[in-house]
Amino acid sequence: MHIIIFTANLDFNVRWGVITLAERFPDARFTIVQQVAHKPLKRLLRNQVRNLSRHGWRWVPYQGAEIVSLLLGRGRQSPVASPDRPGRMYGSAALASHPRIAVRQFSAINGPEACAFVQSQQADLGIALGAPILKSALFELPRLGTINLHKGKLPDFRGMPPAFWELHAGAASVGCTVHRVAAGLDTGEILLAREVPVDAFSTVAGMQIKLHRVGVELVAEAVAAIVAGTAQFRAQPAGGNTNTRPTLALEARVKAQLAARDPSRGSAPKRLAKHLMFRSYAQLLTPAINYWHGLTGQQRVIILLYHRVSDQFRDNVTIGIERFDQHMAYLAANCQVVSLRQIVEGDIDRHAKKPVIAVSFDDGYLDNFEHAAPILIKHQVPCTFFISTEKIRDNKPFDHDMRALGFGLDNMSWDQVRQMRDWGLHFGSHTRNHVNLAEIDDALAHEELAGSLADIRAELGQEQVYIAFPYGRKKHITPARIETMRELGYGACFSAYGGLNDASMDRFNIRRIGVNWAFDLTTLQARLRGWDKTQ
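Under this note's numbering, think of the first position of the sequence shown as 2, with each following residue one higher.
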């Protein structure tokens, strides 16, 4: 089968979707038809005038920020990449070198040159992923027609941007739809649809991240049905709304309304004071200290500890989806991020000018697969997930959730863990049942430690395994349990009571710093430069 992909942007989400199709359908070949428009100066100026008229004064700082970001990005030297970074199979280099994926670029995707090329390919199926509006002269060329991934519920929310109009309307969920491309915008027959629930603290960007993963899965499922001949299209119900991009004023209003629900905001004076304090610490106080540590070969290692990535809660073990994405984007662009393996084996640069950073997760919640993993592979940030293996096998609730929430939360499955391993993420032990190792007897402790080690080796084929103490405070860590870990063959042990790791680091007490919903970027930057008193 020959599949044509229509797009205007080969960003991570499109690459993820295309390469996932190539993985699922090894006998298919793919041709990406990408629009790369070259706008003349006269048209650019006309667009600026139009946008200024539509958006008012907000357009000036908005456009100015984009220009500054672009200029700074061009001059910035990227940090040294870790050899253990995940998601490389979805990178631009992997796409360019894929033996069954070709890319052709056109200045006008509906133009005669692009149409002639697509016709010459005699493609079986077309798929629109982030494509401009396609004309019938193009989308009717594939033998089986063209399908489109629309991140919205049809027919209620046609157009764009994803999730914005649903949150503006107070909808309880946001749809994700695969439909046949027709003459009207998002009006074609529906093949598959999913609904993604809106949580108590959902943001537009956070919902879009959730939709990206669902979209990848939905398109693969749609193609499987078409290939198998079982696809059943159905006409859209009558009615619906077609939306366009909102004004910057409306975007700001909706963002403020959603942000007002977030308990981490506090009052404006408090936010300003916090911002100034952490910014001063990160940019004025610590650069010279960190530079001195690097100059003397004593640079510290900071390991961030996360638990849940979700907009369902705001508590001391949860960070919001959009905020976690901001964290990982910042790390990837500004920090030397390493894997835990590199730290344990000493494969890090202690002469770096800033602290060396690593990322870890504890417990094994389902949102780690649904929300955290896609963000980590997008930004190619190495990460180790310490999982309680019995909770993974049986989806048992954690006792601390039952005490704090009154109910349990879903955990990942072994199939999902293996998928994350295949993406390049790493796993360690958090015992079998998240027990307090300091309070149970020797026999049960040995069973918990040995059993979890055996589970990970059996399920993942991973010989070298690290462990993180459940609860992880000083009172939960005993010499007897550490000795058992050594005897069983664990490679290292990680705590959770804070602190930085200098050159004298103990391999069986590697310290980590907890991160939660209250950590905006300014707070994170202070953390990354050594601040350890923010909780």
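For glycine and all other residues, C-beta sits at the position ideal for the given N, C-alpha and C.
Would you please state the rounded distance, in angstroms, between the beta carbons of residue i and residue j? I believe it to be under 8 Å.
{"i": "Gly531", "j": "Tyr498", "result": "In fact, because the Cβ distance is near 16 Å, the residues do not count as touching under 8 Å."}
{"i": "Cys336", "j": "Leu529", "result": "6 Å"}
{"i": "Asp521", "j": "Arg324", "result": "7 Å"}
{"i": "Ile210", "j": "Ile322", "result": "5 Å"}
{"i": "Arg144", "j": "Gly153", "result": "With a Cβ gap of about 28 Å, Arg144 and Gly153 do not count as contacting."}
{"i": "Asp200", "j": "Gln327", "result": "That belief does not hold up - the Cβ atoms of Asp200 and Gln327 are roughly 18 Å apart, past 8 Å."}
{"i": "Leu212", "j": "Val197", "result": "6 Å"}
{"i": "Arg86", "j": "Gln381", "result": "4 Å"}
{"i": "Lys397", "j": "Ala439", "result": "Between Ala439 and Lys397 the Cβ distance is about 21 Å, and since that is not below 8 Å, they are no contact."}
{"i": "Thr485", "j": "Leu461", "result": "Between Leu461 and Thr485 the Cβ distance is about 22 Å, and since that is not below 8 Å, they are no contact."}
{"i": "Ala527", "j": "Tyr282", "result": "5 Å"}
{"i": "Val16", "j": "Leu96", "result": "Rather than Val, the amino acid found at residue 16 in this sequence is Arg. Correct: roughly 5 Å between the Cβ atoms."}
Over what stretch of residues does the beta strand (DSSP E) that includes residue i continue unbroken?
{"i": "Ser83", "result": "Unbroken run through Ser83: none, as it is neither H nor E."}
{"i": "Cys177", "result": "Ser174 to Arg181"}
{"i": "Ile388", "result": "Thr385 to Ile388"}
{"i": "Leu193", "result": "Ile191 to Pro198"}
{"i": "His431", "result": "Premise fails: His431 is in no beta strand (DSSP E) and is neither H nor E."}
{"i": "Phe31", "result": "Arg30 to Gln36"}
{"i": "Ile20", "result": "Segment Phe13 to Arg25 is the alpha helix (DSSP H) holding Ile20; no beta strand (DSSP E) there."}
{"i": "Ala129", "result": "Leu126 to Ala129"}
{"i": "Phe234", "result": "Unbroken run through Phe234: none, as it is neither H nor E."}
{"i": "His3", "result": "His3 to Thr8"}
Going by C-alpha distance, which of the options is nearest residue i?
{"i": "Asp507", "options": "Ile483, Ser203, His447 and Gly74", "result": "Ile483"}
{"i": "Phe371", "options": "Arg433, Lys256 and Val215", "result": "Phe is not the amino acid found at residue 371; the sequence shown has Glu there. Nearest option by C-alpha distance: Val215."}
{"i": "Asp442", "options": "Ala481, Phe140, Val466 and Val228", "result": "Ala481"}
{"i": "Gln237", "options": "Thr188, Lys275, Val220 and Pro198", "result": "Thr188"}
{"i": "Leu332", "options": "Gly298, Ile303, Pro398 and Lys392", "result": "Ile303"}
{"i": "Lys40", "options": "Phe107, Gln417, Met90 and Leu145", "result": "Phe107"}
{"i": "Pro264", "options": "Ala519, Thr8, Gln526 and Leu529", "result": "Ala519"}
{"i": "Asn317", "options": "Ser203, Ile20, His401 and Arg159", "result": "His401"}
{"i": "His151", "options": "His180, Glu167 and Asp157", "result": "His180"}
{"i": "Ser311", "options": "His294, Ala374 and Leu273", "result": "Ala374"}
{"i": "Asn434", "options": "Gly425, Phe387, Val418 and Gly462", "result": "Phe387"}
{"i": "Arg101", "options": "Ala206, Phe26, Leu249 and Ile128", "result": "Phe26"}
{"i": "Arg458", "options": "Val418, Leu438 and Glu440", "result": "Val418"}
{"i": "Ala541", "options": "Thr524, Arg16 and Ile20", "result": "Residue numbering for the chain in the displayed model covers 2 to 536; residue 541 lies beyond these limits and cannot be assessed."}
{"i": "Phe509", "options": "Asn502, Phe495 and Val516", "result": "Phe495"}
{"i": "Ile110", "options": "Val357, Ala66 and Ala138", "result": "Ala138"}
{"i": "Asp2", "options": "Ala82, Val224 and Arg309", "result": "The sequence given here places Met at residue 2; Asp does not occur at that position. For Met2, the nearest C-alpha among the options comes from Val224."}
{"i": "Phe362", "options": "Leu305, Cys177 and Ser54", "result": "Leu305"}
{"i": "Thr147", "options": "Ala183, Phe165 and Val175", "result": "Ala183"}
{"i": "Ile468", "options": "Thr390, Ile6 and Ile290", "result": "Thr390"}
{"i": "Ala253", "options": "Arg30, Tyr63, Glu464 and Lys379", "result": "Tyr63"}
{"i": "Ile358", "options": "Glu346, Asp348 and Ser340", "result": "Ser340"}
{"i": "His431", "options": "Gly347, Gly500, His308 and Ile349", "result": "His308"}
{"i": "Thr178", "options": "Asp125, Ala221, Leu445 and Met329", "result": "Ala221"}
{"i": "Gln233", "options": "Gly240, Leu193, Leu259 and Ala444", "result": "Leu193"}
{"i": "Pro356", "options": "Met403, Gln299, Arg315 and Gly112", "result": "Gln299"}
{"i": "Thr204", "options": "Ala173, Arg272 and Thr231", "result": "Ala173"}
{"i": "Phe470", "options": "Asp503, Arg512 and Ile378", "result": "Arg512"}
{"i": "Arg487", "options": "Gly112, Val104, Ala66 and His447", "result": "His447"}
{"i": "Met329", "options": "Met208, Leu296, Val345 and Ile378", "result": "Ile378"}
{"i": "Gly230", "options": "Thr243, Leu126 and Pro247", "result": "Leu126"}
Between which two residues does the alpha helix (DSSP H) carrying residue i extend?
{"i": "Ser121", "result": "Pro113 to Gln122"}
{"i": "His328", "result": "Ile322 to Asn335"}
{"i": "Leu45", "result": "Leu42 to His56"}
{"i": "Val228", "result": "Val205 to Ala229"}
{"i": "Leu529", "result": "Leu522 to Leu529"}
{"i": "Ala103", "result": "From DSSP, Ala103 is part of no alpha helix (DSSP H) but of the beta strand (DSSP E) over Ile102 to Phe107."}
{"i": "Leu1", "result": "The requested residue 1 does not occur in the structure, where the chain is confined to residues 2 to 536."}
{"i": "Leu186", "result": "Careful: Leu186 lies outside any alpha helix (DSSP H) and carries neither H nor E."}
{"i": "Ala95", "result": "Ser93 to Ser98"}
Check whether the Cβ of residue i lies closer than 7 Å to any heavy atom of the ligand ADP, and answer yes or no.
{"i": "Leu46", "result": "The ligand ADP is not among the ligands present in this structure, which contains no ligands whatsoever."}
>> Under 8 Å, with one C-beta from each stretch per pair, do the region 444-456 and the region 474-493 reach the 3-pair mark?
In response: yes
> Can you list, in chain order, the stretches of the alpha helix (DSSP H) that have 4 or more residues and sit fully within the region 347-380?
Replying inline: 374-380
> For the 8 Å Cβ check, are there 3 or more pairs between the region 30-37 and the region 102-119?
Replying inline: yes
>> List, from N- to C-terminal side, the alpha helix (DSSP H) runs of 4 residues or more that fit wholly inside the region 133-173.
In response: 137-140 and 165-170
> Which runs of the alpha helix (DSSP H), 4 residues or longer, sit entirely within the region 236-300?
Replying inline: 249-260, 269-281 and 287-296
> Which runs of the beta strand (DSSP E), 3 residues or longer, sit entirely within the region 406-490?
Replying inline: 427-430
>> Could you check whether the region 404-420 touches the region 361-371, counting it as contact only if at least three pairs of C-beta atoms, one from each stretch, sit closer than 8 Å?
In response: yes
> Do the region 130-141 and the region 10-24 make contact, defined as three or more Cβ pairs closer than 8 Å?
Replying inline: yes
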